[in-house]
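Encoded as structure tokens, the structure appears first; notes follow it.
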Amino acid sequence: MATLDVVLVTGANGGLGTEFVDQALARGARKVYATARRPRGWDDPRVVPLVVDVTDPSSIAAAAGVATDVTLVVNNAGSSNGATVLKDSPDLRELFEVNLFGPLAVANAFVPALAANGGGALINVLSVLSWLGIGDGYSATKAALWSATNTQRIALSADGILVTALHLGFTDTPMTAGLDVPKNNPSDVVRQAYDGVLAGAYEVLADEVSRQVKASLAGPIEALYPQLAQR
């Protein structure tokens, strides 16, 4: 059964990551490991800052050696660099390292602890762009992580580990600061994520756009991409 007893959050310095830390504390977490490439200070003794660069296996292994009591891992760290799938480039490969291979490495490192502590849960922060290719390279990385999440969900259930996918549209974080579009409140997104995990949900759709796009996946491809119908 998933609990918020001891929580580890990657990318904890960001807007969504900070909200994951704060809300875990507000819900009574005994300890929160707040991880980042350059961890910041926190005004709560229950917060343990840890260095984790999701592209650096040694930092992940070191954190896993410390956080052996973890009951919930939030795979929140991510990046967007404008890379395109239309050409091979270091930027595209870097994006996959951060958004796909990083979360997989974190999950694999902490699965033994989660299993030993009664199962617990893993949250993978995905996106509505997991289902829409309009985000180009970013969409490709999130689609890949969505597929991997489905595999994790099945494979880890035998260990009593709940794997929850969190899908969301534009949210008011530093990553979207330059976009003049309606945005979710990070606190609403994280509240739904934690509510979902505690309820045993495999998937949390945090906003209307995610619910609409998910419901459209069974329809014709032209419904998702109207530009194709104009050919």
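Per the numbering used here, the very first residue in the sequence shown carries number -11; after that it's consecutive.
Even glycine gets a Cβ: it sits at the ideal position worked out from N, Cα and C.
Quick caveat, the model's predicted, so the values are computed rather than measured.
Beta-carbon proximity check, residue i vs residue j, cutoff 8 angstroms
i, j, result
"G108", "L154", "no"
"V39", "A22", "no"
"Y126", "L83", "yes"
"V192", "Q180", "yes"
"V20", "V(-5)", "yes"
"R15", "R34", "no"
"A128", "V73", "yes"
"S204", "G157", "no"
Residue burial classification, residue i (beta-carbon count within 10 angstroms, cutoff 16)
i, result
"A143", "exposed"
"Y213", "exposed"
"K75", "exposed"
"D79", "exposed"
"V54", "exposed"
"N96", "exposed"
"N11", "Note on residue identity: the sequence assigns Gln, not Asn, to residue 11. With 16 or more other Cβ atoms within 10 Å, it is buried."
"N105", "buried"
Residue i, enclosing alpha helix (DSSP H) - first and last residue
i, result
"T(-2)", "Unbroken run through T(-2): none, as it is neither H nor E."
"N173", "Note, N173: premise wrong, no alpha helix (DSSP H); not H, not E."
"K75", "That residue, K75, is in no alpha helix (DSSP H); it is neither H nor E in DSSP."
"T152", "Taken as a continuous stretch (DSSP letters only), T152 belongs to no alpha helix (DSSP H), being part of the beta strand (DSSP E) at 150 to 155."
"A12", "3 to 14"
"I209", "209 to 212"
"T137", "125 to 144"
"A203", "196 to 204"
Among the options, the one whose alpha carbon lies nearest that of residue i
i, options, result
"S118", "N105, Y190, P33, A132", "A132"
"E85", "P174, V(-3), N69", "N69"
"G5", "D(-7), R25, R18, T(-9)", "R25"
"A93", "S198, S47, A104, A181", "S47"
"Y182", "V58, V62, P37", "V62"
"A101", "V201, A52, S145", "A52"
"A(-10)", "L216, Y190, L205", "Y190"
"R141", "A211, V99, K202", "V99"
"V185", "P37, V113, R34", "V113"
"L178", "I209, A211, L205, I111", "Rather than Leu, the amino acid found at residue 178 in this sequence is Val. Among I209, A211, L205, I111, the Cα nearest to that of V178 is on I111."
"P91", "V(-3), A206, E210", "V(-3)"
Boundaries (first-last residue) of the beta strand (DSSP E) holding residue i
i, result
"N96", "Run containing N96: none in the beta strand (DSSP E); it sits in the alpha helix (DSSP H), 90 to 104."
beta-carbon residue i near the ligand MG non-hydrogen atom, thresh 7 angstroms
i, result
"A(-10)", "The ligand MG is absent from the structure shown, which contains no ligand whatsoever."
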